[in-house]
Amino acid sequence: MKSREKLRFVAVPMEVANDARTTLRDRFGHRLSLVLEHGPCRVCLRISREAEDFILLSYQPLPDTGPYAEIGPIFIHARHCSPYEGTTFPEDFAPRRLVLRAYGHDGRIVDASVAEAGTAQHEAARFLSKPAVAEVHVRHESYNCYDFKIVRAE
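Just so we're aligned, residue -11 is where the sequence shown starts under this note's numbering, counting upward by one.
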């Protein structure tokens, strides 16, 4: 991948969000509830500046059941929001220091780094320039919660 090639930024699937909003259960059977929070929604990839109604649920970003198929907490807006679909780094996340994990086609970690504020897109492109890398997961620097993934644009 050349640096001028595009990336695609992938939020949590709407199906996961809609199921959680409708049933108030996540895919692992956990009973969910509304919480008043400020923070990142993993669907629209916006970070609220004021407290909003969110649902806290467990999410597994890798569909595999291997050793890297972690399950962790994420927030989504309690009400419908439009999923982020873009080829530019989500604006609210760009000024953050972020953890990047590069995963191979077999679901194993190939590489990882902590990207300084404003450098995550470049670092993700560097990872994705390697044929062995299938996707890059973006995570919160301190809490290490999953934010979204980056893949090659087709």
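Glycine residues also receive a C-beta, built at the ideal position from the N, C-alpha and C atoms.
Source: prediction; values computed, not measured.
Delimiting residues of the alpha helix (DSSP H) encompassing residue i
i, result
"A113", "108 to 116"
"A8", "2 to 11"
Closest residue to residue i among the options (Cα-Cα distance)
i, options, result
"E58", "L(-5), I64, L50", "L50"
"S46", "V23, A66, E25, R19", "R19"
"M2", "E40, P61, H65", "H65"
"A100", "A8, N6, R84, V121", "V121"
"L12", "F42, P28, A108", "F42"
"Y56", "I35, S130, R89", "R89"
"G60", "D80, E25, H128", "H128"
"R96", "G54, D7, K118", "G54"
"Q48", "A103, V102, P28, A5", "A5"
"R84", "G74, H26, E104", "E104"
"D7", "R67, T75, V102, T76", "R67"
Segment limits, beta strand (DSSP E) that includes residue i
i, result
"R(-4)", "-5 to -2"
"G92", "86 to 92"
"G60", "60 to 65"
CB-CB length for residue i against residue j, believed under 8 Å
i, j, result
"I78", "F(-3)", "This sequence places Pro at residue 78; Ile is not what is there. 6 Å between Cβ atoms; contact."
"F136", "L(-5)", "That belief does not hold up - the Cβ atoms of F136 and L(-5) are roughly 11 Å apart, past 8 Å."
"G106", "A82", "6 Å"
"H125", "Y91", "7 Å"
"V23", "V0", "Not really, about 17 Å apart at Cβ, beyond 8 Å."
"L86", "A113", "The Cβ separation is near 14 Å, so there is no contact."
"Y134", "I62", "6 Å"
"H26", "R9", "That belief does not hold up - the Cβ atoms of H26 and R9 are roughly 19 Å apart, past 8 Å."
Per DSSP, cross-strand counterpart(s) of residue i
i, result
"H125", "R89, K137"
"A100", "R89"
"G74", "F(-3)"
Could you tell me which uninterrupted beta strand (DSSP E) segments, each at least 3 residues in length, are contained entirely in the segment 14 to 46, listed from first to last along the chain?
Scanning the segment 14 to 46 from its first residue to its last, the whole beta strand (DSSP E) runs of 3-plus residues come out as 22 to 25.
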